[in-house]
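In the numbering used here, the protein residues as written are -9 to 186. Heads up, the thing below is written out as structure tokens.
Take a look at the structure:
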């Protein structure tokens, strides 16, 4: 039970990192759009892609907020379960009901973990889209003026931030899987104590 709470907290920390990266990517995309505007006609194509990157960063930020809310629900459920155990463990005749409460909470946690994994998958897909957009910019070589150097620096910064976001998303998915496994183990452990 305490491991569930620990893993939920770990995911919360990872989400803060991803949210920071999303904000950074959004800012970098804005800078890239400014550089594209300075490049004039040659920067038009780049400006379109920079806007796409900005939109993807916003979507990633929305997914991060969604996961944060799920994490809060998990933490609340876990704390409620721990509290139920502490309250009921002193009364042996109520122990079965405490285990039922735990089992119900574990079921809720499992459902939330599935939501986290879904949101993480969505976030990973968005990171891949960002990387593809960046690759398109790099391969197109749309801008040849002196101003393109600044724009390409912005592209490289966005690429770095996107890679960090993708890595953090993978870490979130791995921790979510660990959380799901712990929830399943706990569910199996308490199922024999359920009152029928």
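Using N, Cα and C, we set each Cβ at its ideal position, and we do this for glycine too.
Considering only 167, 52, 147, the residue with the shortest C-alpha distance to residue 112 is 52. Looking only at 161, -4, 15, the smallest Cα-Cα distance to residue 66 is reached by -4. Setting aside the 5 residues that flank it on each side, residue 109 is surrounded in the same chain by 53, 56, 57, 60, each with a C-beta closer than 8 angstroms to its C-beta; the list follows chain order. For residue 19, the CB contacts under 7 angstroms within the same chain, skipping 5 residues up- and downstream, are 40, 43, 44, 47, 148 in chain order.
Around the beta carbon of residue 171, fewer than 16 other beta carbons sit within 10 angstroms, so the residue counts as exposed. Closest in alpha carbon position to residue 98, among 119, 4, 63, is 63.
Cα atoms of residue 14 and residue 8: separation of roughly 10 angstroms, rounded to the nearest angstrom.
When only Cα atoms are considered, residue 1 and residue 101 end up about 16 angstroms apart. In this structure residue 167 does not touch residue 4 by the C-beta definition: roughly 13 angstroms separates them, more than the 8 angstroms allowed. In the same chain as residue 16, and ignoring 5 residues on each side of it, the C-beta atoms closer than 8 angstroms to its own belong to 44, 47, 48, 51, in chain order.
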